[in-house]
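Notes for the one structure printed next.
Number of protein chains: 2
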Amino acid sequence: MSRLRGIHDEDLEAIEIGAAILGTGGGGNPYIGKLRCREELRRGRKIEVIPLDELDDDALVVSLGGIGAPVVGVEKIEQGEECLRAMRALEENLNVRIDALISSEIGGANAMEPMLTAAQAGIPVVDGDGMGRAFPEMQMCTWSIYGHCSTPAAMADEKGNVVIIKSTRSEVWVETLARANVVAMGAAAGIAMAPMRGAYVKTAAVPDTVTQALSLGRAVLSARRDNSNPIEAVLAHEDGQLLMTGKITDLKRHLKGGFAVGHVLVDGFGEFAGERGRIDIQNEFLVFRRNDVVEVCVPDLIVVLDVDTGLPITTEVLRYGQRIAVLALPCHDLLRADLALKVVGPAAFGYQDTTYSPMPRSKKMEPCDAT
Amino acid sequence: MSRLRGIHDEDLEAIEIGAAILGTGGGGNPYIGKLRCREELRRGRKIEVIPLDELDDDALVVSLGGIGAPVVGVEKIEQGEECLRAMRALEENLNVRIDALISSEIGGANAMEPMLTAAQAGIPVVDGDGMGRAFPEMQMCTWSIYGHCSTPAAMADEKGNVVIIKSTRSEVWVETLARANVVAMGAAAGIAMAPMRGAYVKTAAVPDTVTQALSLGRAVLSARRDNSNPIEAVLAHEDGQLLMTGKITDLKRHLKGGFAVGHVLVDGFGEFAGERGRIDIQNEFLVFRRNDVVEVCVPDLIVVLDVDTGLPITTEVLRYGQRIAVLALPCHDLLRADLALKVVGPAAFGYQDTTYSPMPRSKKMEPCDAT
């Protein structure tokens, strides 16, 4: 496809589906963000997309999005300008003008937030993001991993409260303090992180992921329209692997430290009859085991789709008896470097004895050059 | 006594005792702050005190102190420059130089914190404070009550984390967000609130309370030295009233939302034999009942002293069998106005059916002129 230049009303549903798939069960639901982006477009505002390699080296790029509990994001609708206020507070604090926005995570709701704010502010959104998927914590962004200091970061809620995280001991402390503030703010807020220069974003961002979400969603919609298999469409588009089709026969899920934690058991059917799958959850799907042996784990993507519709199922709507397809999609090489695996590999999620083995790709990817 | 101009080593113990008495059971222990002030003096730094009426009308005065859990303040010793870093962060954020510091609450540990920071920064500390006692939350300061907006406020911990609470919907939100941050920071941090002009401080601060704490402590020390009754000395100095002498026969105390909450029962002895006292606690002593009838409540001061030594007993060291004297001391008129009673009267602590009746004074106090 030609390079993405602008997002139009008809693109939003495809991005919603693509972003939800890349959310690997977490990242929040992009549905409300889609509706809000649509409203902005109908008001005559524009969502402009700028490819990474066209970004000016000196451009000030801000990673921005919603922070909070995905469950709350559905129950407590945003006022709508939380992220814009966070961005303005950051500009005021640093006395700069921000040139472009970028999503911290393309997977889930934060695919939409920077597009929305970019439309409101009249600046472009960069075609890329900081994860190429969703992760539960902010220090898991590629730019944090590869050396960006995210402070000062500005947070704003719907009530008019604004907090600046001015400096911290580490990127993990930004996450810790932001989490404490968002809980006090009512579990939903916008956050804008310290600007990065365009030159750095080009090396540290997962590239082209807005295009990827759009194109992936279009593939699913097209398969559904043609009565062909949407799961096949996802696998083909993402160079993925079908791990299992089966029925959910057990589900443990509870809230722990603000995260949805647990696991789901799957009894295989069709070609997977007789096999038992298990997926561990911390907001996102972390680890897939077949008959108790780890087969795929973070940072590769584990995706659960409704076996009939091909639509993604997030961790909070999993339930007993659902008929699902479990897919593995390869993550970007930026997440596979040693430096990255310390932050987003299995050990970072408490799996000290699990070694990450990158799932194979059939297609060639561009080499990672940010290390 | 002549006007206080400087704090010397020999003054610190008296201020410690006076501040602890005015803490009405809470406010944190000023002991460690005393040692740290002593160290500053021994290094050759000075603690200068400026009387309220000599403050320049345009002077920028900052209310500053420690925030956290009193229990943690004892277990986790401060690094020592938390408040100074908070003050510097505030100066940088506003691009101003701060002229003087003032204590948010003279009762307890925060009597010492501004003196310590003032010595480090080489600026004076104002003879006054925002409570004339201790209260559990920051919006209970007189300057918040009478209209000061405390944002931006800067917080710093011992690890190098700095957070700016940039703007909030209300003074209560400053407290809410600061509390969330200090919990994340490990339950101890320094906080510096938005500067006030000297002219406002003159009307809104409880006056002369550094002098008061010093002079009160000296009265206790002098009585102990002369083998006269230190409790009588406190009553005479503060125009107070002896509510009861007795033995603690029951104590309920638990942590709820970060506060020490509960009550203590006292069986009177001596002239109070046959009477039963009850004191309700939320960090500080809130309400005193004699035989189930409310007799004294916030904002007047309820003080518990060891009946033999006259030294104050804070809520966290209360225990069964202690022989205590319960005193009531009149609060300043700034806390008795209708506007103030909404924030620091019994209803603000959940006693909806309790009406505050100011305890009588025998001496004349200067009228309140900040309303």
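For the protein sequence lines, the chains are F and B, in the order given. Numbering-wise, the first sequence is residues 8 to 378 according to our numbering. Numbering-wise, the second sequence is residues 8 to 378 according to our numbering. From the three backbone atoms N, C-alpha and C, an ideal C-beta is built for every residue, glycine too.
Contacts with chain B at 8 Å (Cβ-Cβ) do not include A196(F). In this structure, the alpha-carbon of G253(F) lies about 11 Å from that of L312(F). No Cβ of chain B is located within less than 8 Å of the beta carbon of V217(F). C-alpha of E182(B) to C-alpha of T216(B): approximately 23 Å in a straight line.
R10(F) and S70(F) have their C-alpha atoms spaced approximately 22 Å apart. Closer than 8 Å to the CB of V103(B) there is not a single CB belonging to chain F. Per DSSP, reduced to three states, the secondary structure at A194(F) is coil, with no helix or strand assignment. Counting along the chain, the unbroken alpha helix (DSSP H) around A243(F) starts and ends at P237 to E245. Taking 8 Å as the cut-off, the beta carbon of P143(F) is found closer than this to the beta carbon of E291(F). Interface flag for V170(F) against chain B is set, since a Cβ pair is found closer than 8 Å. Assignment of C90(B) by DSSP, reduced to helix, strand and coil, places it in the helix class. When the five nearest sequence neighbours on each side are left out, the beta carbons in the same chain lying within less than 7 Å of the beta carbon of V301(B) are those of V294 and T361, in order along the chain. Going by beta carbons, L342(B) and G33(B) fall outside the 8 Å limit. Three or more pairs of CB atoms, one per stretch, sit closer than 8 Å, so the stretch 39-52 of chain F contacts the stretch 121-132 of chain F. Under DSSP, the beta-bridge partners assigned to C304(B) are V294(B). For I22(B), the three-state secondary structure derived from DSSP is helix.
The beta carbon of L48(B) does not come within 8 Å of any beta carbon belonging to chain F, so the residue lies off that interface.
A Cβ of chain F is located within less than 8 Å of the beta carbon of R176(B). Rounded to whole angstroms, the separation of the alpha carbons of F266(B) and G357(B) is 14 Å. Of the candidates E112(F), R52(F), L91(F) and A116(F), the residue whose Cα lies closest to the Cα of Y38(F) is A116(F). Chain-ordered listing is empty here: chain F has no CB closer than 9 Å to the CB of G75(B), the nearest sitting near 14 Å. Put simply, the CB of T183(F) is near chain B, with a gap under 8 Å to one of its CB atoms. Taking the beta carbon of V190(B) as reference, the chain F residues within 7 Å of it are A187, listed in sequence order. In the structure shown, M200(B) falls within a coil segment according to DSSP collapsed to helix, strand and coil. Each of G205(B), A163(B) and P131(B) was checked against the Cα of A185(B), and the nearest Cα belongs to A163(B). When C-alpha distances from L336(F) are compared across Q359(F), M366(F), I320(F) and R326(F), the shortest belongs to M366(F). Ranked by how close their Cα comes to the Cα of V133(F), the residues I84(F), G205(F) and L346(F) have G205(F) in first place. Taken atom to atom, the span from the alpha-carbon of L59(B) to that of G13(B) is near 14 Å. Within the stretch 154-168 of chain B, the residues whose Cβ lies closer than 7 Å to any Cβ of chain F are, in chain order, K166, G167 and N168.
Taking the beta carbon of W150(B) as reference, no residue of chain F falls within 7 Å; the closest one sits roughly 20 Å away. K83(F) carries a coil assignment under DSSP once its states are collapsed to helix, strand and coil.
For the pair R283(F) and T322(F), the CB atoms are not nearer than the 8 Å cut-off.
Counted as a single uninterrupted DSSP element, the beta strand (DSSP E) harbouring E55(F) occupies residues I54 to P58. Put simply, the CB of K173(B) is near chain F, with a gap under 8 Å to one of its CB atoms.
Residue-level contact check: A93(B) does not touch chain F, since none of the beta carbons of chain F fall below 8 Å from its beta carbon. Put simply, of L334(B), G40(B) and M94(B) the residue whose alpha carbon is nearest the alpha carbon of I84(B) is G40(B).
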